[in-house]
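Visitor: Below is a structure I'd like to ask you about.
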Amino acid sequence: MKHTFFTLTQNQKTAKEILDCVSSKTLAFHGPMGSGKTTLIKAIIKELGASDTGNSPSFGIVNEYHDDSGALLAYHFDFYRLEDETEALDLGLEDYLDQDVWIFMEWPEKIASLLPVEKTVIQLEILDKNTRKLAIRNDFP
């Protein structure tokens, strides 16, 4: 497990560091409200070359991102508003996970039994107004 500290002004640098050490295209972001999950995901999507970094999918549950050529690059899920795992299945989560694209998940604990076995877990902790602790763990069977 890798641990690092960063300030909110270092999101792009931190995004590069995350991409350098992940072993999976599925990233599960854990952390309290306001810890910077969405902001960090947007920085990662920018690093990957998305043509649009968009907003949090809080109200639509999932956003998709494309590269400059229009090819599908990533899905960004925000499961915060889900009442139970069945809602994730109803939106076709399994079909999303079967694709060879980047998957970013906020509030993955809401769908714990549906998470892929192979994933990178990213834990964010608020240390103060501008500083975060980041832990990265690659989960593989």
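Under our numbering, residue 182 is the last one in the sequence shown; the count climbs by one each step, no gaps.
For every residue, glycine included, the Cβ atom is placed at its ideal position computed from N, Cα and C.
Are the CB atoms of Phe46 and Leu165 within a distance shorter than 8 Å?
Guide: Going by C-beta atoms, Leu165 is not nearer than 8 Å to Phe46.
Visitor: The beta strand (DSSP E) with Glu147 in it runs from where to where?
Guide: Here the beta strand (DSSP E) through Glu147 covers Trp143 to Glu147.
Visitor: Do you know offhand how far Asp93's Cα is from Lys160's?
Guide: Answer to the nearest angstrom: the Cα atoms are 24 Å apart.
Visitor: Grouping DSSP H, G and I as helix and E and B as strand, with all else coil, what is Tyr137?
Guide: Tyr137: helix per DSSP, three-state reduction.
Visitor: Flag this pair as yes or no: are the beta carbons of Asp108 and Ala91 separated by less than 8 Å?
Guide: Yes, they are a contact pair.
Visitor: What's the gap between the Cα of Glu105 and the Cα of Asp180?
Guide: Each residue's alpha carbon lies about 24 Å from the other.
Visitor: If I measure Cβ to Cβ from Ala115 and keep anything under 8 Å in the same chain, skipping five residues before and after, which residues do I get?
Guide: Cβ within range, chain order: Ile86, Leu89, Ala91, Glu105, Tyr106, Val142, Trp143, Ile144 and Phe145.
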